[in-house]
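Read left to right, the sequence shown gives residues 1446 to 1690 (the numbering used here). All residues carry an ideal CB built from backbone N, CA and C; glycine is no exception. Below: the structure, in structure tokens.
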Amino acid sequence: MIFNKKDCISDIVTAGMPTVAVRFPKSEIARVIIKESGTLLVAPSANLSGKPSTTSAQHCYNDLNGKIPCILDGGSSSIGLESTIIDMSVNPPILLRPGAVSIEEICNVIPNLIYKKELLSIENSDIPKAPGMKYRHYAPDIPVTLVEGEYIKTSKWISENTNENDVVICFQEFLNNFNNHKHVYSLGSFRILNIAAQNIFNLLRECDKLVNINHIYIQAPKNEGLGNSIINRLEKASSRNIIHI
């Protein structure tokens, strides 16, 4: 949650901005560290800006080896997506980044929450109030296209418009449509989107290990519930290169 900061909080902590973000981690290890420190802790995200988010200690090592003194391995992320971000410095509050907590769940606690898709991105010249608001973010080195629409139609389109130098990331129910494709990864079932949320950043990082790849095509989930948060990340990863079927 983002709040207006008090004078006791250094401008170094907030990069000169008048607001400060307060995070409550789910990780029990992180909470123990905070408790044992006896103070407030300030830390950046554990990944390079613009790259797919880290969901394991190995990802952190790949990004930050030589830049930080140590890595505390708390195991792989059970959620995958980064935290939900709500701007509480304005009234009514605004959802800046959807996460694993659904909009419906948040509205049960904050009924006047504002959520508008156009508020989730900013121009590159603007200063972001929260991570992930730039048009291109969470992106692998290989170009990404997000294919949205009914599952059967998007699967068919991707199958007919890709070749051996492309990567396909789709839901497991449609893997058989890509038997002739060399590089195919499963998001898991479209019926269990928490698995897709857990997998997506790891899959994007796996794609960056491949050679002679031209493009990544990703089958989008339905834009509801957790699917809304997944699409938010994939739209940024694709630089809004989206095909609607």
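Query                                                                                                                                                        : Result
For my contact list, CYS1652 and VAL1612 are in at a C-beta cut-off of 8 Å; report their separation, rounded to the angstrom.                                : 5 Å
On the three-state DSSP scale, how would you describe TYR1662?                                                                                               : strand
Using C-beta distances below 7 Å, list every residue in its chain close to LYS1450, excluding the 5 sequence neighbours before and after it, in chain order. : THR1459, PRO1463, THR1464 and VAL1465
In the DSSP assignment, what residue or residues form a beta bridge with LEU1540?                                                                            : ILE1531
Given a cut-off of 8 Å, decide if PHE1646 and SER1498 are closer than it, judged by their beta-carbon atoms.                                                 : yes
Nearest CA to the CA of LEU1649: which residue from ILE1478, SER1472 and HIS1504?                                                                            : HIS1504
Taking HIS1628 as part of the beta strand (DSSP E), name the residues at either end of that continuous run.                                                  : 1628-1631
According to DSSP, simplified to helix, strand and coil, what is ASP1611?                                                                                    : strand
Three or more C-beta pairs closer than 8 Å, one from the segment 1600-1612 and one from the segment 1658-1674: is that the case here?                        : yes
Within a Cβ cutoff of 7 Å, which residues of the same chain sit near PHE1635, ignoring the five residues on either side of it in sequence?                   : TYR1596, PHE1616, GLU1618 and PRO1666
Grouping DSSP H, G and I as helix and E and B as strand, with all else coil, what is VAL1554?                                                                : helix
If we count the other Cβ atoms within 10 Å of its Cβ and call it buried at 16 or more, is ARG1476 buried or exposed?                                         : exposed
Is it right to say ASP1532 is buried, meaning 16 or more other beta carbons lie within 10 angstroms of its own, or is it exposed?                            : buried
If you draw a straight line from the C-alpha of LYS1601 to the C-alpha of GLY1544, how long is it?                                                           : 29 Å
Which residue marks the beginning of the beta strand (DSSP E) containing ILE1687, and which one marks its end?                                               : 1687-1689
From the DSSP secondary-structure annotation, give me the bridge partner or partners of LEU1591.                                                             : ILE1663 and ILE1687
Quick one: Cα of ILE1614 to Cα of ASP1452, how far?                                                                                                          : 47 Å
Rounded to a whole number of angstroms, what is the C-alpha to C-alpha distance between ASN1668 and LEU1632?                                                 : 16 Å
Roughly how many whole angstroms lie between the Cα atoms of ARG1678 and ALA1488?                                                                            : 22 Å
Just checking my contact of GLU1583 with LYS1681 at CB under 8 Å: how many whole Å lie between their CB atoms?                                               : Rather than Glu, the amino acid found at residue 1583 in this sequence is Tyr. Confirmed, about 5 Å.
On the DSSP bridge list, what partners appear for ASN1449?                                                                                                   : THR1464
What is the rounded straight-line gap between the Cα of LYS1654 and the Cα of LEU1493?                                                                       : 17 Å
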